[in-house]
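**Q** Add 417 to the 1-based position in the sequence shown for my numbering, that's all there is to it.
Sharing a structure, written as structure tokens. Questions coming.
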Amino acid sequence: MSDTTNPGQTATAIAEGPVFTEQTWDLEYHHALGETASRFMQGLAEGKILGRRSVDGRVLVPARSYDDRTHSKTGEWVEVGNTGTIEMSTFVYEPFKGLPAPPYAIAYATLDGADTALVGYVRGVDLADQAAAIKAIAIGTPIVVRFAEEPTGTAADYWFELAQPVSE
């Protein structure tokens, strides 16, 4: 097959099914959080989840300086509730440098009073039984935000737990 965009080169036909590649990422970085992210992180250290109101009235959590839809500056700071519902989740079974030892679960949850979802670790669910864990951490499952007794000023200062214990 001739490649018309690069004369003299031959294009490779795309195989049916998924195509895989292997990559290794090992990133360390240090950056200033800025005013909005700094205040959001301070809120975590105080046991609060803070958002900012957009020009159309939505409360964006985590707090953002600019609205992702309108590209307008956000305004008023809003403390949202510590309960909400899971919007999506995933389970991690492979180790990643700087993250907890697997297995662990991550979920996006929309908290009461927020219009966007916040990502967090999910604790208190046995991940050994994957089928049961998938049912327990399903879309729409109610959660509660918990905070570390001794905050470190990082996103590890909070996590989600199921609002109702998993029934046997």
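The C-beta atom is built at its ideal place from N, Cα and C for all residues, glycine as well.
Since we're looking at a predicted model, the values are computed, not measured.
Note down the Cα distance separating residue 524 from residue 539, rounded to an integer number of angstroms.
**A** Between residue 524 and residue 539, the C-alpha separation is close to 7 Å.
**Q** I need the straight-line Cα distance from residue 452 to residue 517, nearest angstrom please.
**A** Using only the alpha carbons, I get a separation of about 28 Å.
**Q** Beta-carbon within less than 8 Å of residue 512's beta-carbon, same chain only, minus the 5 sequence neighbours each way: which residues are those?
**A** Cβ neighbours of residue 512 beyond the five flanking positions: 518 and 519.
**Q** Could you pull the start and end residues of the beta strand (DSSP E) that residue 556 belongs to?
**A** Counting along the chain, residue 556 falls outside any beta strand (DSSP E), and DSSP gives it neither H nor E.
**Q** My guess is that residue 506 and residue 491 are in contact by the Cβ rule of under 8 Å, so how many angstroms apart are they, rounded?
**A** Residue 506 to residue 491, Cβ: 27 Å. No contact.
**Q** What are the boundary residues of the alpha helix (DSSP H) that residue 453 is part of?
**A** Residue 453 -> alpha helix (DSSP H) spans 451-462.
**Q** Check whether the segment 528-546 touches the segment 468-484, taking contact to mean three or more Cβ pairs, one atom from each stretch, closer than 8 Å.
**A** Output reads yes: the segment 468-484 touches the segment 528-546.
**Q** Tell me the residue span of the beta strand (DSSP E) that contains residue 506.
**A** Taken as a continuous stretch (DSSP letters only), the beta strand (DSSP E) holding residue 506 covers 500-509.
**Q** What do you get for residue 503, buried or exposed, if any count of 16 or more other CB atoms within 10 angstroms of its CB means buried?
**A** Residue 503 comes out buried.
**Q** Could you check what DSSP says for residue 573 in three-state terms: helix, strand or coil?
**A** Helix, per DSSP.
**Q** Could you say which of 554, 499 and 522 lies nearest to residue 563 if we only look at CA atoms?
**A** Measuring from the Cα of residue 563, the nearest candidate turns out to be 499.
**Q** Do you know how far the Cα of residue 481 is from the Cα of residue 458?
**A** Distance between the alpha carbons of residue 458 and residue 481 is about 12 Å.
**Q** With H, G and I counted as helix, E and B as strand and the rest as coil, what does DSSP make of residue 545?
**A** Coil, per DSSP.
**Q** Check for me: the beta strand (DSSP E) holding residue 516 runs from which residue to which?
**A** It is not in any beta strand (DSSP E) - residue 516 carries neither H nor E in the DSSP assignment.
**Q** Determine the contact status of residue 528 and residue 553, defining contact as a CB-CB distance below 8 Å.
**A** No, the Cβ-Cβ distance between residue 528 and residue 553 is not below 8 Å.
**Q** Please identify the residue among 493, 550 and 474 whose C-alpha is closest to the C-alpha of residue 384.
**A** Past the boundaries of the shown model lies residue 384; the chain is included only from 418 to 585, so the question cannot be answered.
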